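Reviewing the structure listed below.
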Amino acid sequence: MTDVIVVGAGLAGLVAAAELAALGRRVIVLDQEPEASLGGQAFWSFGGLFFVDSPEQRRMGVRDSYDLALQDWMGSAGFDRQQDEWPRRWAENYVGFAAGEKRAWLHSKGVRFFPVPGWAERGGYGPEGHGNSVPRFHITWGTGPAVVAPFEREVRAAAETGHLQLKFRHRVDELTVTGGVVDGVRGSILAPTRAARGEQSPRDVLGEFELRAQAVIVTSGGIGGNHELVRKNWPQRLGSPPGHMLSGVPGHVDGRMLAISEAAGASVINSDRMWHYTEGIQNWDPIWPLHGIRILPGPSSLWLDARGRPLPAPLFPGFDTLGTLEHIMTTGHDYTWFVLTQKIIEREFALSGSEQNPDLTGKDVGKLLQRVKPGAPGPVAAFMRHGADFVVEPDLAALVAGMNRLTGSDLISLPHLRRMIEARDRETGNAFTKDAQLTAVNNARRYRGDRLIRVARPHRFLDPANGPLIAVRLHILTRKSLGGLETNLDAQVLRPGGEPVQGLFAAGEVAGFGGGGMHGYRSLEGTFLGGCLFSGRTAGRCASRAIG
Ligand SMILES: Cc1cc2nc3c(=O)[nH]c(=O)nc-3n(C[C@H](O)[C@H](O)[C@H](O)COP(=O)(O)OP(=O)(O)OC[C@H]3O[C@@H](n4cnc5c(N)ncnc54)[C@H](O)[C@@H]3O)c2cc1C
1 MTDVIVVGAG LAGLVAAAEL AALGRRVIVL DQEPEASLGG QAFWSFGGLF
51 FVDSPEQRRM GVRDSYDLAL QDWMGSAGFD RQQDEWPRRW AENYVGFAAG
101 EKRAWLHSKG VRFFPVPGWA ERGGYGPEGH GNSVPRFHIT WGTGPAVVAP
151 FEREVRAAAE TGHLQLKFRH RVDELTVTGG VVDGVRGSIL APTRAARGEQ
201 SPRDVLGEFE LRAQAVIVTS GGIGGNHELV RKNWPQRLGS PPGHMLSGVP
251 GHVDGRMLAI SEAAGASVIN SDRMWHYTEG IQNWDPIWPL HGIRILPGPS
301 SLWLDARGRP LPAPLFPGFD TLGTLEHIMT TGHDYTWFVL TQKIIEREFA
351 LSGSEQNPDL TGKDVGKLLQ RVKPGAPGPV AAFMRHGADF VVEPDLAALV
401 AGMNRLTGSD LISLPHLRRM IEARDRETGN AFTKDAQLTA VNNARRYRGD
451 RLIRVARPHR FLDPANGPLI AVRLHILTRK SLGGLETNLD AQVLRPGGEP
501 VQGLFAAGEV AGFGGGGMHG YRSLEGTFLG GCLFSGRTAG RCASRAIG
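Just so you know, we're using this note's numbering here: the sequence shown kicks off at 1 and counts up by one.
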């Protein structure tokens with residue numbers, strides 16, 4: 001008999017399955033998608049990982065510690081609900097993992113890291129408020145695919161020995177329960193497809209299946225590909241759901257397993273906590289429906305609402321994702337603008353996603369070195385040429401005309417924007433500036449990593465030598481679910497009331513990366529892949545222990 005069924009062959013599922021196989025368990029891994037999509041979202045990811053007190057940080061002069069990271073985590077999470085007990089405990093353990101064995105464990109599996117940690121989610125409030133006090137975003141050498149690779153290798157090796165079966169196009173529709181214990185799954189066999197990785201695959205049903213096991217681990221991902229669910233769970237504190245959103249995840253991130261698990265007795269908590277980006281651009285070469293790409297911005301672009309008003313401090317690019325989203329939803333429009341120069345785009349625009357970073361993904365040092373040469377990186381330059389949201393013009397009048405043309409409105413006023421930019425430009429020569437954004441830029445440049453490769457030297461926007469001028473229309477981009485199936489520290493799924501659902505475990509995004517939402521309200525970034533690694537491994541180990 002099968003020991004454990006794993007539902008979902010994304011990163012969390014692969015890690016859980018690899019752990020189970022290493023412990024000698026017989027495992028079936030099911031996924032609704034074809035084999036081409038093995039690895040789920042993690043394959044598409046940038047491979048950014050949250051480490052604390054890493055050798056990379058120390059080499060760059062960054063001093064970090066578990067206590068500082070925990071302070072930042074708790075300040076960002078803002079746990080304030082009774083049901084936050086397990087999420088909080090997962091958070092404490094996870095920060096310990098990130099400050100402890102996480103890097104060495106991955107390193108032992110051959111995973112390597114870019115030597116300059118990035119500074120994501122800078123916060124901008126008090127020391128105990130939201131954000132990273134220091135840079136902690138470590139990009140994997142080889143991006144997302146290199147995070148997936150060791151676990152895929154281990155899973156495929158177990159499949160070769162017959163200990164593990166991979167069954168694609170198997171969609172779970174029900175968890176079977178006997179005497180209160182989850183003992184298997186029922187579902188549909190979907191028609192074979194030639195859909196390439198990440199593409200929408202058809203849902204035609206060929207037949208049914210039923211499988212039994214001593215335990216089931218659900219690792220089915222979040223809800224970001226299902227805009228209906230995102231809108232349904234949209235929290236009041238973020239205003240009304242946006243009328244228009246892009247998808248930062250493939251269509252298989254459909255959230256169906258949440259209700260299916262609930263029907264088997266599971267408690268779903270913190271569904272209103274989500275992590276969506278506010279710097280989404282329409283992919284000019286889309287793979288999945290409404291495919292959007294997130295700009296990972298440096299701090300220098302001017303960020304304007306749809307009417308051309310600056311976002312309030314400290315809502316600068318890369319400072320506070322959800323604070324920015326909350327503000328945008330008060331403006332009456334669901335898009336904003338970055339206004340910047342060629343000099344800024346060359347230094348400060350990174351695009352999230354493995355396919356948008358062929359140099360890092362392909363581990364190509366030659367291509368990577370081209371980033372320090374003049375000119376925007378290739379994928380960014382392609383967006384400047386083909387992207388529907390980009391306006392590139394030699395002067396401000398033409399830029400404003402282009403912005404208004406793009407939205408079919410006259411919301412951006414040339415005199416107003418000119419006055420704002422002239423005032424900003426004057427401050428670039430003022431060492432004691434009161435401009436909070438320029439102060440933040442100057443502070444960022446005190447970090448060697450930012451000064452070297454990430455943050456442009458402050459310069460005048462209206463000096464043609466720094467141009468052309470660029471405006472980018474930014475959409476809201478769905479990405480991560482922060483809530484989900486409530487689990488205890490053994491990754492056992494709990495019932496409302498706190499009793500474990502016997503036989504049922506969960507890990508990865510469907511479990512809020514542990515506990516039903518270890519991030520609380522906000523993330524420090526690079527914490528999602530790590531959350532899948534940590535909770536996937538825990539689920540594998542604990543399910544194995546539980547079945548004796
Ligand atoms: C472009 C992009 C960039 C990212 N960058 C980063 C980053 O730099 N750092 C970071 O930490 N995180 C990043 N993330 C987030 C991170 O990749 C995800 O949160 C994580 O990979 C989720 O993994 P998972 O295993 O929980 O779920 P998924 O990867 O979504 O996998 C779930 C799998 O379950 C299957 N499934 C679902 N329902 C069923 C069912 N009923 N029956 C059978 N199969 C089912 C799905 O088909 C899917 O294959 C990024 C994500 C994207 C998309």
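All residues carry an ideal CB built from backbone N, CA and C; glycine is no exception. Note that this is a predicted model, so its numbers are computed, not measured.
Would you check if the distance between the CB atom of residue 255 and the CB atom of residue 287 is smaller than 7 Å?
Working through the sequence shown from its first residue, we reach residue 255 at position 255. Working through the sequence shown from its first residue, we reach residue 287 at position 287. Cβ atoms of residue 255 and residue 287: not closer than 7 Å.
Boundaries (first-last residue) of the beta strand (DSSP E) holding residue 185:
For this step, residue 185 is matched to residue 185 along the sequence shown. Segment 181-190, the beta strand (DSSP E) holding residue 185.
With hydrogens ignored, establish whether the beta-carbon of residue 528 is closer than 6 Å to any heavy atom of ligand 1.
For the purposes of this step, residue 528 is taken as residue 528 along the sequence shown, with counting starting at 1. Under cutoff, so the answer is yes.
Please determine, among 547, 15, 25 and 486, the residue with the shortest C-alpha to C-alpha distance to residue 266.
Stepping through the sequence shown from its first residue, residue 266 is reached at position 266. The option with the nearest alpha carbon to residue 266 is 486.
Residues that residue 310 bridges to, as DSSP identifies them
The residue given as residue 310 occupies position 310 in the sequence shown. Under DSSP, residue 310 forms a beta bridge with 304.
Using only alpha-carbon positions, find the residue among 521, 502 and 289 that is nearest to residue 175.
Within the sequence shown, residue 175 is the residue found at index 175, counting from 1. Nearest of 521, 502 and 289 to residue 175, Cα basis: 502.
Among the residues of its own chain, which have a CB less than 6 Å from the CB of residue 60, if the five just before and after it don't count?
The sequence position of residue 60 within the sequence shown is 60, counting from 1. Contacts found: 448 and 449.
So residue 65 and residue 522 are in contact, right, with Cβ under 8 Å, and what is the actual spacing, rounded?
Taking the first residue of the sequence shown as position 1, residue 65 is located at position 65. Taking the first residue of the sequence shown as position 1, residue 522 is located at position 522. Their Cβ separation, rounded to whole angstroms, is 21 Å, which puts residue 65 and residue 522 out of contact at 8 Å.
Under 6 Å from any heavy atom of ligand 1, does the C-beta of residue 253 make it?
Within the sequence shown, the letter at position 253 stands for residue 253. Short note on residue 253: C-beta closer than 6 Å to some heavy atom of ligand 1.
Taking the C-alpha atoms as reference points, what is the distance between residue 326 and residue 111?
Within the sequence shown, numbered from 1, the residue matching residue 326 stands at position 326. Within the sequence shown, numbered from 1, the residue matching residue 111 stands at position 111. Cα-Cα distance, rounded: 37 Å.
Beta-ladder partner(s) of residue 335, from DSSP:
Position 335 of the sequence shown, counted from the start, is the residue given in the question as residue 335. Residue pairing from DSSP places residue 335 in a beta bridge opposite 475.
Taking 8 Å as the threshold, find out whether the segment 176-196 comes into contact with the segment 499-519 through three or more Cβ pairs.
Taking 8 Å as the limit for Cβ pairs, the verdict is that the segment 499-519 does touch the segment 176-196.
The segment 283-301 contacting the segment 205-212, beta-carbon criterion three pairs below 8 Å
Verdict: no, contact absent.
If you measure from the CB of residue 219, is any heavy atom of ligand 1 nearer than 6 Å?
To locate residue 219, count along the sequence shown from 1; it is residue 219. Residue 219 has its CB nearer than 6 Å to a heavy atom of ligand 1.
Say the cut is 6 Å; is the CB of residue 141 nearer than that to a heavy atom of ligand 1?
Here residue 141 refers to the residue found at position 141 when the sequence shown is read from its first residue. Checking every heavy atom of ligand 1 against the Cβ of residue 141, none is found closer than 6 Å.
For residue 83, which three-state DSSP category applies?
Reading the sequence shown from its first residue, position 83 is the one you call residue 83. DSSP, read as helix, strand or coil, puts residue 83 in helix.
Take the Cβ of residue 395 as the centre, count every other Cβ of all protein chains shown within 10 Å, and call the residue buried at 16 or more, exposed below.
Within the sequence shown, residue 395 is the residue found at index 395, counting from 1. Counting the other Cβ atoms within 10 Å of the Cβ of residue 395 gives fewer than 16, which makes it exposed.
Assign residue 125 to one of two classes, buried (16 or more other C-beta atoms within 10 Å of its C-beta) or exposed (fewer than that).
Along the sequence shown, one-based indexing puts residue 125 at 125. Residue 125 should be labelled exposed.
Expected contact under 8 Å - CB spacing of residue 278 and residue 474 to nearest Å:
Sequence index remark: in the sequence shown, residue 278 carries index 278 (1-based). Sequence index remark: in the sequence shown, residue 474 carries index 474 (1-based). Yes, they are in contact, since the Cβ atoms of residue 278 and residue 474 sit about 6 Å apart, within 8 Å.
From residue 301 to residue 410, what distance separates their C-alpha atoms?
Locating residue 301 in the sequence shown gives position 301, counting from the first residue. Locating residue 410 in the sequence shown gives position 410, counting from the first residue. Taking the straight line joining both Cα atoms gives about 22 Å.
State the start and end residues of the unbroken beta strand (DSSP E) segment that holds residue 174.
As a working mapping, residue 174 is identified with position 174 in the sequence shown. First-last of the beta strand (DSSP E) with residue 174: 170-178.
Is any heavy atom in ligand 1 found nearer than 6 Å to the beta carbon of residue 4?
As a working note, residue 4 is residue 4 in the sequence shown. Checking the Cβ of residue 4 against ligand 1 gives no.
Anyone know if the C-beta pair for residue 510 and residue 257 falls short of 7 Å?
Counted from its first residue, the sequence shown places residue 510 at position 510. Counted from its first residue, the sequence shown places residue 257 at position 257. A contact, by the Cβ cut-off of 7 Å.
Which ranges would you report for the alpha helix (DSSP H) in the segment 94-144 if only whole runs of at least 4 residues count?
If we require 4 residues or more, the alpha helix (DSSP H) runs fully inside the segment 94-144 come out as 101-108.
Counting Cβ pairs, one atom from each stretch, are 3 or more of them under 8 Å apart for the segment 384-392 and the segment 462-481?
The answer is yes - the segment 462-481 touches the segment 384-392, with three or more Cβ pairs under 8 Å.
Specify whether the segment 439-446 and the segment 370-378 touch according to this definition: at least 3 beta carbon pairs, one from each stretch, less than 8 Å apart.
Not touching, per the Cβ criterion.
So, is residue 347 buried or exposed, given that buried needs 16 or more other C-beta atoms within 10 angstroms?
As a working note, residue 347 is residue 347 in the sequence shown. Buried.
Range of the contiguous beta strand (DSSP E) that encloses residue 279:
Here residue 279 refers to the residue found at position 279 of the sequence shown. That run of the beta strand (DSSP E) goes 274-282.
Does the Cβ of residue 46 lie closer than 6 Å to at least one heavy atom of ligand 1?
Translated into positions along the sequence shown, residue 46 becomes position 46. Checking the Cβ of residue 46 against ligand 1 gives yes.
By the 10 Å Cβ neighbour count, where 16 or more other Cβ atoms means buried, how is residue 232 classified, buried or exposed?
As a first step, residue 232 is located in the sequence shown; it is residue number 232 there, counting from the start. That one is exposed.
What number of angstroms, rounded off, separates the C-alpha of residue 47 from the C-alpha of residue 148?
Residue numbering aside, residue 47 sits at position 47 when the sequence shown is read from its first letter. Residue numbering aside, residue 148 sits at position 148 when the sequence shown is read from its first letter. Rounded to the nearest whole angstrom, the C-alpha separation of residue 47 and residue 148 is 9 Å.
Go through the segment 347-414 residue by residue and report every complete run of the alpha helix (DSSP H) that reaches 4 residues or more, in order.
Considered as a whole, the segment 347-414 harbours 358-361, 365-369, 378-386 and 396-407 as its complete alpha helix (DSSP H) runs of no fewer than 4 residues, in chain order.
Give the single residue among 518, 398, 189 and 239 whose Cα lies nearest to the Cα of residue 333.
Sequence index remark: in the sequence shown, residue 333 carries index 333 (1-based). Taking only the C-alpha atoms, the option nearest residue 333 is 239.
So with Cβ pairs under 7 Å, would you call residue 495 a contact of chain E?
No chain E is present in this structure, which holds just one protein chain.
Taking the Cβ atom as the reference point for each residue, do residue 5 and residue 166 lie within a distance shorter than 7 Å?
On the sequence shown, residue 5 is found 5 positions in, with the first residue counted as 1. On the sequence shown, residue 166 is found 166 positions in, with the first residue counted as 1. Residue 166 is positioned such that its CB atom lies no closer than 7 Å to that of residue 5.
Give the straight-line distance between the Cα atoms of residue 173 and residue 219, rounded to the nearest whole angstrom.
Here residue 173 is taken as the residue at index 173 of the sequence shown, counted from 1. Here residue 219 is taken as the residue at index 219 of the sequence shown, counted from 1. If you take the alpha carbons of residue 173 and residue 219, they lie about 14 Å apart.
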